[in-house]
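Below is one structure, written out as structure tokens, with a few remarks after it.
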Amino acid sequence: MAAPALPDATNQAKNDLRDALESVKAAGTFAAFTSIDPTNIAPILVRNVGLVEFPLQDSMADRLIEAARQAPYGRGGETFVDTSVRNTLELDAAQLDLGHDVWRKRIDSACKWVARQLGIVAPVTAELYKMLIYDKGAMFKAHTDTEKIPGMFGTLVICLPSEHRGGDLVLKHRGVTKVFKTSETQPCMFCWYSDVSHEVLPVTTGRRWVLTYNLAISNPLHRPSAALNAPRHSEVQKALGAWLQSQSRDDASGVGQPSHLYYLLDHAYTEANISLQKLKGVDLSRMQCLKDVCDGQGVSLLFGVLEKEEIGDCEDTYGSERDYYDDTAEEEDEDEDQDQDQDQDDNPNRKGRNRRDDGGEGWHSFIEVIETNVFIKKLVNAEGRALQTDVAIDMADLEQRLIQDYENPFETAESEETDYTGFTGNEGVSATHWYRMTIAVIVPNEAVDFFLTKGITQKAAQDLLPQYLMRCSDPALAGSAMKMVHHLAQLAWSSEEFTTDSYPNYGRERMIVEEIAMQFFEVVLVRREYELFRKAVGWLKTQLGTRLFTLVKSAAAEESFDFDQVKNSLLQNLSIRSVTQRIELLAALVPFNDNTGDPQTRDWAANEAVPSALEACGEATVTAFDGTAIVTMVRAYRDVEFFKTRLVPMIEKRAASTPFVLAAILQFIRFAEMGIFEQPAGLELCKPLLKSAINAMDIATLRTKEGATAAFTNLKAQKLDYRHVQAFSRDHMRQISQSFEPSALAECFSRCIQFDWDSLSTSLSVKIVAKVNDIPPTEFRHLWIPFIHELISTLNANNVSLSSSRYQEMACAILEAYLDRHVGKEPSGEVNYRQSPVGCHCADCSRLNLFLQSNERIWRFPVGKSRRQHVHRMLDSAGSRCTHITEHLGSPHTLVVDKGIDAVTKAKKEWTDRYAQAWDDIAKFDQEQLRMLLGGEFEKITSMRHLRLPGAQVLGVAGSQQRVGVSMPPTVPGMKRRAEDQSPSL
């Protein structure tokens, strides 16, 4: 969308300021250098040589040298040829044809660039002078240029693409030295004043190839030079004042345009190296002048690294060479590959595989720009202090508020290409182009804060908050700073999409959010900004932790603090938390067993926060952690009467939520044992609750985190459609949140034994035995096998015999169900790898058919390329299930055909894994204690013989302490035994 047009008075003032700034000449810029877009130059027609293209090839260079002559040098009005002073070859301008439109545009643009770099106000012209070739050893010793045309003030050189080393240009003026390395940047151009001493160092390899131009202005009486260039201020002061007056008129008329202007600097600076003092040449002169004027008129001068990102489609420069990527080409023999590689090396301009493999070198012009983004990557004040990062700039606003009248502001910017994709077969060729320049921002002091939030991101607004929070401690600045704090906090946190999950580094960024938020709330509470407090608590939601409640605790201790102003916000924040989180936050505000704090906050916790949490437990999804937390909360802030009248009815209501209810009951029992709740009254409340929980318990729905995750992993492996996966994912997350620990079940039995609640332990064991076959197979290893370990410890701790029939029956039922439902019977059936033959009966295919109709799984066939490709085609046309690949080892290469694993083999392998797993699980028990717990079923369960096929090796028990000498099921025919299939030694 186009930016609103600026009023005429503002436009006029902006143009006047441009003219005034450009009248300021550089005090120290005597030479300049820049790279050139390769698309901005064209091949050169040379008389008696032909069209010379880029880069310069050795054969063409030789022809140019034949047409050239030794270059002379001038001294004292005379001309000499002396290779010890100047050793280079030249061609006259008359021998060159640069009539192409590309060259005309290039030179016009170069003249404007020269004027900007050297501080020239008058129009600059460039007249082609020579083409120079610096062969190996060529050089030109230090000298200054003589006047060759009227009005000449300097020289422009365009270095054309030609590989070379050495040949650096060294320029010196008034103690300052610059070195231009043409070997590292091609094509490029550079210029200097005629009174600058310069030297071309010897070329060490290759050829340095350049065009030289004489630079002039139309009025030779005012010819510029490096020595005469000096800054001026008066016109800038007048123009800036006019712009400020236009801003005042605009504000008075209600136009409301943001008060700022942009000015592009001539040099590019890095983010780490930008400030007024570090500017160079004409930039330093103009910006120092502007800064002096700004300081006297209440205007700020800022600097930023401006970056434009363009993403676009490129032409596919590889065309017909795409056949290098044909699948069959990858199977060429090594000698063929080496021949092709050698061809590529001999011809660097050739298109094909090697060039594509490197991602496409060079610069690729766009045929269509898909997306453009402009940012100020880092904004600093004149002293270099960082103010802001990643400020999004509207391109239309940039063009409209840019002081210079550039058709393309980024024409001479440093450029870089990234993310070049190359041709993939499915998508077109694309790339990302980056352009970087340095920009000055002119903004009235009173509008600086407004500008800092122009196009600001949430993260940038947050990063600025600490700066303004510090100002709030200064009484003189607190009022205006607080307005900005409010504004920035709203920008940073008020969006509904605000979440640290979207940040690139979640954990680190969440800590940063919390740290800044705590600085914010500390200031807000000290200044009693209650409304802003309420808003921010609503914005940040679950990003806030215990530190906020600790801050409120400290503030509430002060007599002037009005807790009523914040309590509803705190309660609302608690309402979006789990019960477990609530108790952590409440403890920070009202510590347990601490009656010295603010009585108002304690009353609020007891009469509003606890009932609210209790209400949430009755309605929301609750977990075992919540069960522990709600009892702890009631104990901390209420009494047994509240437990009887409010908590017990809620627990009875949620009796089916087994993890939550058992955790709550067990926590209450622990408190009763500690004497916090009176016995036996407290325990008498727990017995009927536990009875209700056992009656409502559904054994089949109990899940551990590990078991739920294993079940979900198995479902995803079935490659279900997206809707089913989403449904299972939601169910998985619910099961994870309501996970159950085997220790809780064991503690239930322990408490029943401890308090002689035999009827409850009997009911629970009977329920487990009755429902054991409904247990999901994935939960045996994660819930029920660990439970038996816990049960053995519980019985031993309570001096209960392991051979007790109640527990013996339950343990046997669980382990038998584990073996039957998780491991299952050994699969039967013969492995069959035989497949139908292919239709061809040639010698190779006859050998292939013998393999296909055999019970062998893998066939290796060393054979030449064409014969391999024939077998590939025959297998594909026959619809074979085999995989067939070429193994690039030896000569000839080997065709490998693999029939894969059939269904019977796969089933046997999976069963073998489960069998070995169960064997290990049972081996982890103390075998003597397990023998007592299982009684007469011990040998059947531990040998697992009922799972084997008839006639298979019987696995028995050797020794009373451990099982030894056990062999695993025999290997499946046609498969090699892998290391993980080897028999465990138990």
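Counting from 1, position 75 in the sequence shown corresponds to residue 75 in UniProt numbering; the numbering is continuous, with no gaps. No residue lacks a Cβ here, since even glycine has one placed at the ideal position from N, Cα and C. Since this is a predicted model, take the numbers as computed values, not measurements.
The stretch 372-382 / the stretch 239-247 touching (three or more Cβ pairs under 8 Å) = no
Run through DSSP, which three-state label would Asn799 get?
-> Translated into positions along the sequence shown, residue 799 becomes position 799. Correct three-state label for Asn799: coil.
Hey, which unbroken runs of the alpha helix (DSSP H) at 4 residues or more fall wholly within the stretch 47-76?
-> 58-67
Examine the Cβ distances between the stretch 830-848 and the stretch 869-881 and report whether three or more of them are shorter than 8 Å.
-> yes
In chain order, what residues of the same chain have a beta carbon less than 7 Å from the beta carbon of residue 991, not counting five sequence neighbours either side?
-> Shown here, the chain extends from 1 to 986; a query on residue 991 therefore has no answer.
Find out if the Cβ-Cβ distance for the pair Ile442, Leu301 is shorter than 8 Å.
-> The residue you call residue 442 lines up with position 442 of the sequence shown. The residue you call residue 301 lines up with position 301 of the sequence shown. Yes, the pair counts as a contact, with Cβ atoms nearer than the cut-off.
Cβ pair Phe740, Pro611 closer than 8 Å | The residue labelled residue 740 in the question sits at position 740 within the sequence shown. The residue labelled residue 611 in the question sits at position 611 within the sequence shown. Not closer than 8 Å, so no.
Where does Gly206 fall in DSSP's three states?
-> Here residue 206 refers to the residue found at position 206 when the sequence shown is read from its first residue. Strand.
What are the start and end residues of the beta strand (DSSP E) that includes Ile311?
-> In the sequence shown, residue 311 corresponds to position 311, counting from 1. Taken as a continuous stretch (DSSP letters only), the beta strand (DSSP E) holding Ile311 covers 299-314.
Please classify Tyr406: is it buried, with 16 or more other beta-carbons within 10 angstroms of its beta-carbon, or exposed?
-> Position 406 of the sequence shown, counted from the start, is the residue given in the question as residue 406. Exposed.
Unbroken stretches of the beta strand (DSSP E), 3 residues or longer, contained in the stretch 864-943 = 883-887, 894-898
Any idea what DSSP makes of Lys136, helix, strand or coil?
-> Within the sequence shown, residue 136 is the residue found at index 136, counting from 1. Three-state result, Lys136: coil.
Tyr818: which of Cys314, Ser803, Leu465, Ile788 sits nearest, CA to CA?
-> Numbered from 1 along the sequence shown, position 818 holds the residue referred to as residue 818. Nearest C-alpha to Tyr818: Ile788.
Going by Cα to Cα distance, which pick from Ala620, Leu586, Met810, Glu619 is closest to Asn607?
-> Position 607 of the sequence shown, counted from the start, is the residue given in the question as residue 607. Ranking Ala620, Leu586, Met810, Glu619 by Cα distance to Asn607 puts Leu586 first.
Take Gly151 as the anchor and find which of Arg165, His173, Ala122 has the nearest alpha-carbon.
-> Here residue 151 is taken as the residue at index 151 of the sequence shown, counted from 1. Here the closest residue by C-alpha is Ala122.
CB contact flag (Pro269, Leu398, <8 Å) = For the purposes of this step, residue 269 is identified with residue 269 of the sequence shown, where counting begins at 1. For the purposes of this step, residue 398 is identified with residue 398 of the sequence shown, where counting begins at 1. Contrary to the premise, residue 269 reads as Tyr rather than Pro in this sequence. No.
May I have the straight-line CA-CA distance separating Ser84 from Gly50, to the nearest angstrom?
-> Here the question's residue 84 lines up with position 84 in the sequence shown. Here the question's residue 50 lines up with position 50 in the sequence shown. Their backbone Cα atoms lie some 31 Å apart in a straight line.
Backbone CA spacing between Gly839 and Gly879 [nearest angstrom] = Here residue 839 corresponds to residue number 839 of the sequence shown, with the count starting at 1. Here residue 879 corresponds to residue number 879 of the sequence shown, with the count starting at 1. About 11 Å.
Confirm, please, whether the CB-CB distance from Leu201 to Val157 is below 8 Å.
-> Mapped onto the sequence shown, residue 157 falls at position 157. Mapped onto the sequence shown, residue 201 falls at position 201. Not closer than 8 Å, so no.
Gly119 burial status per 10 Å Cβ neighbour count (16 or more: buried) = Looking up residue 119 in the sequence shown gives position 119. Label assigned to Gly119: buried.
Taking Thr542 as the reference, give the member of Tyr530, Leu571, Asp564 with the closest Cα.
-> For the purposes of this step, residue 542 is taken as residue 542 along the sequence shown, with counting starting at 1. When each option's Cα is compared against that of Thr542, the closest is Leu571.
By a C-beta neighbour count over all protein chains shown, 10 Å radius and 16 as the cutoff for buried, is Ala613 buried or exposed?
-> Start at 1 with the first residue of the sequence shown, and residue 613 comes out as number 613. When all chains shown are included, Ala613 counts as buried.
Measure the Cβ-Cβ separation of His888 and Leu895 and say whether it is below 8 Å.
-> Locating residue 888 in the sequence shown gives position 888, where the first residue counts as 1. Locating residue 895 in the sequence shown gives position 895, where the first residue counts as 1. No, the Cβ-Cβ distance between His888 and Leu895 is not below 8 Å.
Please classify Thr912: is it buried, with 16 or more other beta-carbons within 10 angstroms of its beta-carbon, or exposed?
-> Here residue 912 refers to the residue found at position 912 when the sequence shown is read from its first residue. Flag for Thr912 reads buried.
Across which residues does DSSP place Met395 in a beta bridge pair?
-> Taking the sequence shown and counting its residues from 1, the one referred to as residue 395 is at position 395. Met395 pairs with nothing; no bridge assigned.
Quick one, which of Asp135, Phe190, Ser162 has its alpha-carbon nearest Ser109's?
-> Taking the sequence shown and counting its residues from 1, one reaches residue 109 at position 109. Closest by alpha carbon: Phe190.
Quick one: Cα of Gln404 to Cα of Ala93, how far?
-> If you number the sequence shown from 1, residue 404 lands on position 404. If you number the sequence shown from 1, residue 93 lands on position 93. Taking the straight line joining both Cα atoms gives about 34 Å.
Rounded Cβ spacing between Ala744 and Leu690 (contact assumed at less than 8 Å) | Here residue 744 refers to the residue found at position 744 when the sequence shown is read from its first residue. Here residue 690 refers to the residue found at position 690 when the sequence shown is read from its first residue. Wrong, their Cβ atoms sit about 12 Å apart, outside the cutoff.
Throw me the rounded Cβ distance for the Ser246 and Cys314 pair, which I believe falls under 8 Å.
-> Counting from 1 along the sequence shown, the entry for residue 246 is found at position 246. Counting from 1 along the sequence shown, the entry for residue 314 is found at position 314. Going by Cβ atoms, the distance from Ser246 to Cys314 rounds to 44 Å, so no, they are not a contact pair.
Mind checking who Leu444 pairs with in its DSSP beta bridge?
-> Within the sequence shown, residue 444 is the residue found at index 444, counting from 1. According to the sequence as given, residue 444 is Pro; it is not Leu. According to DSSP, Pro444 bridges with Val299.
Rounded distance between the beta-carbons of Val46 and Leu98, thought under 8 Å | For this step, residue 98 is matched to residue 98 along the sequence shown. For this step, residue 46 is matched to residue 46 along the sequence shown. Rounded, the Cβ-Cβ distance is 10 Å, inconsistent with contact.
Please look up how many angstroms separate the CB atoms of Ser765 and Ile753, rounded, as I've assumed it's under 8 Å.
-> Within the sequence shown, residue 765 is the residue found at index 765, counting from 1. Within the sequence shown, residue 753 is the residue found at index 753, counting from 1. Between Ile753 and Ser765 the Cβ distance is about 12 Å, and since that is not below 8 Å, they are no contact.
Check Leu614 in the structure and name its three-state DSSP category.
-> Within the sequence shown, numbered from 1, the residue matching residue 614 stands at position 614. Looking at Leu614 - three-state DSSP - the assignment turns out to be helix.
Looking only at its own chain, which residues have a Cβ that is under 7 Å from the Cβ of Lys181, when we skip the five neighbours before and after it?
-> Along the sequence shown, one-based indexing puts residue 181 at 181. If we look at Lys181 and ignore the five residues flanking it on each side, its Cβ neighbours are Asp168.
Which one of Val176, Ala272, Cys472 has the shortest CA to CA distance from Glu529?
-> As a working note, residue 529 is residue 529 in the sequence shown. The candidate whose alpha carbon is nearest that of Glu529 is Cys472.
DSSP-derived helix/strand/coil call for Phe366 | On the sequence shown, residue 366 is found 366 positions in, with the first residue counted as 1. Looking at Phe366 - three-state DSSP - the assignment turns out to be strand.
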